[in-house]
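Once you know that position 16 of the sequence shown is 16 in full-length UniProt numbering, the rest is easy, because the numbers rise by one and skip nothing. For each residue, glycine too, the CB sits at the ideal point set by N, CA and C.
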Amino acid sequence: MEKKKLWAAGLLLILACVLAGVLYLNTRPEPAAGDKRITVTVVHGNQEEKVFSYDTDADYLGEVLKEDGLISGEEGEFGLFITEVDGETANEANQEWWCITKGGEMVNTSVDGTPLEDGDQFELTLKEGY
């Protein structure tokens, strides 16, 4: 009797995972097709700002920034974790990290999962403290 309960619980768990995957695939943000013009403002640790403009047909922000050499980092299960932007490396000892925002609002995707649309304005800001 207990083995049947374990099998049933396992089957329900597998079904829940499959359903979650299907739901994600159907609701994830989709990039705009075709040529796009985007702007990326880098805010360095000393608050100096540099603006970079790109004309691209890429679908995701990471593609553009890696191709240009503006960012580098460590690949992980959720995509690239940015450790360096425009030559400035985040210092882990000081709990520094690069924050991605779009129009001032924090994005909830990695740089590799952030879709692009024409006219997008992103910011990469060096933050301190987790």
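Quiz item: CB LEU65 to CB SER110, shorter than 8 angstroms?
Solution: Position 65 of the sequence shown, counting from 1, holds the residue named residue 65. Position 110 of the sequence shown, counting from 1, holds the residue named residue 110. No, they are not a contact pair.
Self-check item: Opposing strand residues paired with CYS99 [DSSP bridges]
Solution: In the sequence shown, counting from the first residue as 1, residue 99 sits at position 99. Bridge partners of CYS99: THR125.
Quiz item: Using the C-alpha atoms, what's the distance from HIS44 back to GLN95?
Solution: On the sequence shown, position 95 is the one that residue 95 refers to. On the sequence shown, position 44 is the one that residue 44 refers to. Near 15 angstroms, if we compare the C-alpha coordinates of HIS44 and GLN95.
Quiz item: From ILE100 to ASN108, what does the alpha carbon distance come to, in whole angstroms?
Solution: Locating residue 100 in the sequence shown gives position 100, counting from the first residue. Locating residue 108 in the sequence shown gives position 108, counting from the first residue. Cα atoms of ILE100 and ASN108: separation of roughly 9 angstroms, rounded to the nearest angstrom.
Quiz item: Starting from GLU63 and walking both ways along the beta strand (DSSP E), at which residues does that stretch end?
Solution: Stepping through the sequence shown from its first residue, residue 63 is reached at position 63. For GLU63, there is no enclosing beta strand (DSSP E); the residue is part of the alpha helix (DSSP H) that begins and ends at 61 to 68.
Quiz item: Just reading off the beta strand (DSSP E) that ASP55 is part of, what are its end residues?
Solution: By 1-based counting over the sequence shown, the position of residue 55 is 55. Taken as a continuous stretch (DSSP letters only), the beta strand (DSSP E) holding ASP55 covers 49 to 56.
Practice problem: Could you tell me the boundaries of the beta strand (DSSP E) in which GLY76 lies? | Solution: Numbered from 1 along the sequence shown, position 76 holds the residue referred to as residue 76. Where GLY76 is concerned, the enclosing beta strand (DSSP E) starts and stops at 71 to 76.
Practice problem: Would you mind reading off the limits of the beta strand (DSSP E) that contains LEU116? | Solution: Walking along the sequence shown from the start, residue 116 turns up at place 116. First-last for LEU116: undefined, no H or E at that position.
Quiz prompt | Per-residue DSSP class, three states only, for GLY79 | solution = Position 79 of the sequence shown, counting from 1, holds the residue named residue 79. Under the three-state reduction of DSSP output, GLY79 falls in the strand class.
Quiz item: DSSP state of VAL42, grouped into three classes?
Solution: For the purposes of this step, residue 42 is taken as the residue at position 42 of the sequence shown. Strand, per DSSP.
Quiz item: If you draw a straight line from the alpha carbon of GLY34 to that of LEU6, how long is it in whole angstroms?
Solution: Here residue 34 corresponds to residue number 34 of the sequence shown, with the count starting at 1. Here residue 6 corresponds to residue number 6 of the sequence shown, with the count starting at 1. Cα to Cα, the separation comes out at about 50 angstroms.
Quiz prompt | Pairwise C-alpha distance: ALA9 and LEU70 | solution = What you label residue 70 is simply residue 70 of the sequence shown in a count that begins at 1. What you label residue 9 is simply residue 9 of the sequence shown in a count that begins at 1. Cα to Cα, the separation comes out at about 48 angstroms.
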